[in-house]
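Student: Below is one structure. I have some questions about it.
Residue numbers (the working numbering): 6 to 296.
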């Protein structure tokens with residue numbers, strides 16, 4: 006006599022379907038988080054908006070107008086990070102989960118689609134909400150982020166300098182929008198800070214870069230000298246910015262300098278945590294420069 010397996014009740018079928026949907030949602034949420042937060046670096050994108058928001062707020066612009074005007078530079082900044090990780094996918098294989106595209110937690114195709122969407126949206130918003138000068142800055146930024154990885158791969162010693170120049174674009178964009186001009190000394194000193202921090206990042210990645218055939222500045226200076234040089238550049242940069250500034254801007258730069266000293270102490274204990282803490286110093290410096 007044949008025996009048939011028991012028929013599952015509707016409740017069990019429903020629970021199984023719900024579990025499958027929940028699992029799919031968790032996977033989607035995890036991938037979206039890795040794409041937006043870890044790969045596109047949403048926090049850095051928001052930091053790039055600070056000069057625009059602070060300068061436009063002084064003009065009495067509405068919050069909606071300020072937000073729309075700030076989005077293009079945020080989108081292009083995030084697209085730059087995506088492009089870099091797409092280009093460096095093979096080189097980043099050894100870096101594990103902190104490089105989601107190489108690790109496989111973010112599909113390369115998803116990153117490519119997100120990059121295109123961010124670039125198109127950034128340019129479109131700039132055209133709709135800005136004038137010719139600011140649109141020129143945004144388009145130039147797009148060209149810069151597309152050229153960054155190929156140039157950095159071919160001439161690795163220029164990587165830090167190019168990064169520093171790209172980091173100045175939020176201030177150039179804010180100036181084009183509002184007509185407020187930042188002194189040339191600000192750009193120079195901020196560039197020094199970024200070059201110094203990038204040098205420390207290259208020390209962290211030194212063995213990986215060497216294994217992939219990239220000879221960054223650390224290869225020529227040695228890691229120890231590069232660390233000293235990087236910290237000296239950041240300290241001199243903040244001292245110069247503090248001396249050049251007045252009022253509230255000066256106070257914030259002084260706070261950033263104190264924070265940098267604390268960051269240095271953390272770095273001596275744990276390089277990774279010290280580099281992470283340096284983001285706070287960069288945030289303070291950005292706020293101070295835009296004040």
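Positions of the beta carbon are idealized from the N, C-alpha and C atoms, including for glycine.
Using the C-alpha atoms, what's the distance from residue 179 back to residue 60?
Tutor: In the chain shown, the residue the question calls residue 60 occupies position 55. In the chain shown, the residue the question calls residue 179 occupies position 174. Looking at the two C-alpha atoms, the distance is approximately 7 angstroms.
Student: Residue 190 and residue 249 - do their beta-carbons sit closer together than 7 angstroms?
Tutor: On the chain shown, position 244 is the one that residue 249 refers to. On the chain shown, position 185 is the one that residue 190 refers to. For residue 249 and residue 190, yes; Cβs fall inside 7 angstroms.
Student: Tell me whether residue 70 sits in a helix, a strand or coil according to DSSP, three-state version.
Tutor: Along the chain shown, one-based indexing puts residue 70 at 65. Residue state, collapsed to three classes: helix.
Student: Applying the criterion that 16 or more other CB atoms from any shown protein chain within 10 Å of the CB defines a buried residue, is residue 215 buried or exposed?
Tutor: Taking the first residue of the chain shown as 1, we reach residue 215 at position 210. It counts as exposed.
Student: Is the distance from the Cβ of residue 200 to the Cβ of residue 165 below 7 angstroms?
Tutor: Here residue 200 refers to the residue found at position 195 of the chain shown. Here residue 165 refers to the residue found at position 160 of the chain shown. Contact: yes.
Student: Which residue spans inside the segment 158-245 form an unbroken alpha helix (DSSP H) run of at least 4?
Tutor: For the segment 158-245, whole alpha helix (DSSP H) runs of length 4 or above, ordered along the chain, are 164-172, 174-183, 189-209, 211-216 and 222-226.
Student: Measuring CB to CB, does residue 187 end up less than 7 angstroms from residue 126?
Tutor: Counting from one through the chain shown, the residue named residue 187 turns up at place 182. Counting from one through the chain shown, the residue named residue 126 turns up at place 121. For residue 187 and residue 126, no; Cβs fall outside 7 angstroms.
Student: When the Cα atoms are used, what is the spatial distance from residue 73 to residue 181?
Tutor: Taking the first residue of the chain shown as 1, we reach residue 73 at position 68. Taking the first residue of the chain shown as 1, we reach residue 181 at position 176. Rounded to whole angstroms, residue 73 to residue 181 spans 15 angstroms at the Cα level.
Student: At what residues does the alpha helix (DSSP H) containing residue 131 begin and finish?
Tutor: Working through the chain shown from its first residue, we reach residue 131 at position 126. Taken as a continuous stretch (DSSP letters only), the alpha helix (DSSP H) holding residue 131 covers 113-134.
Student: Taking the C-alpha atoms as reference points, what is the distance between residue 268 and residue 245?
Tutor: The count along the chain shown starts at 1 and reaches residue 268 at position 263. The count along the chain shown starts at 1 and reaches residue 245 at position 240. Spanning the two alpha carbons is a distance of roughly 18 angstroms.
Student: So residue 227 and residue 162 are in contact, right, with Cβ under 8 angstroms, and what is the actual spacing, rounded?
Tutor: Position 222 of the chain shown, counted from the start, is the residue given in the question as residue 227. Position 157 of the chain shown, counted from the start, is the residue given in the question as residue 162. The pair is not a contact, with the Cβ atoms about 14 angstroms apart (cut-off 8 angstroms).
Student: Could you tell me the distance, in whole angstroms, from the CA atom of residue 253 to the CA atom of residue 151?
Tutor: As a first step, residue 253 must be located in the chain shown, where it is residue number 248. As a first step, residue 151 must be located in the chain shown, where it is residue number 146. Those two C-alpha atoms are separated by around 36 angstroms.
Student: Nearest CA to the CA of residue 232: which residue from 243, 284, 136 and 205?
Tutor: Taking the first residue of the chain shown as position 1, residue 232 is located at position 227. For the residues 243, 284, 136 and 205, the minimum Cα distance to residue 232 belongs to 205.
Student: Taking the CB atoms as reference points, tell me whether residue 107 and residue 97 lie closer together than 7 angstroms.
Tutor: Start at 1 with the first residue of the chain shown, and residue 107 comes out as number 102. Start at 1 with the first residue of the chain shown, and residue 97 comes out as number 92. Yes, the pair counts as a contact, with Cβ atoms nearer than the cut-off.
Student: Give the range of the alpha helix (DSSP H) segment to which residue 254 is assigned.
Tutor: Taking the chain shown and counting its residues from 1, one reaches residue 254 at position 249. Here the alpha helix (DSSP H) through residue 254 covers 252-274.
Student: Should residue 44 be labelled buried (16 or more other beta-carbon atoms within 10 Å of its own) or exposed?
Tutor: For the purposes of this step, residue 44 is identified with residue 39 of the chain shown, where counting begins at 1. Residue 44 should be labelled buried.
Student: Closest to residue 117 by C-alpha separation, out of 104, 173, 133 and 92, would be which residue?
Tutor: One-based indexing of the chain shown puts residue 117 at position 112. Among 104, 173, 133 and 92, the Cα nearest to that of residue 117 belongs to 92.
Student: Which residue marks the beginning of the alpha helix (DSSP H) containing residue 50, and which one marks its end?
Tutor: Here residue 50 is taken as the residue at index 45 of the chain shown, counted from 1. That run of the alpha helix (DSSP H) goes 47-52.
Student: In whole angstroms, give me the CA-to-CA distance for residue 212 and residue 223.
Tutor: Counted from its first residue, the chain shown places residue 212 at position 207. Counted from its first residue, the chain shown places residue 223 at position 218. Answer to the nearest angstrom: the Cα atoms are 10 angstroms apart.
Student: For residue 132, which residues of its own chain have a beta-carbon under 7 angstroms away from its beta-carbon, when the five flanking residues on both sides are left out?
Tutor: In the chain shown, the residue the question calls residue 132 occupies position 127. Excluding positions up to five away in sequence, the list reads 140.
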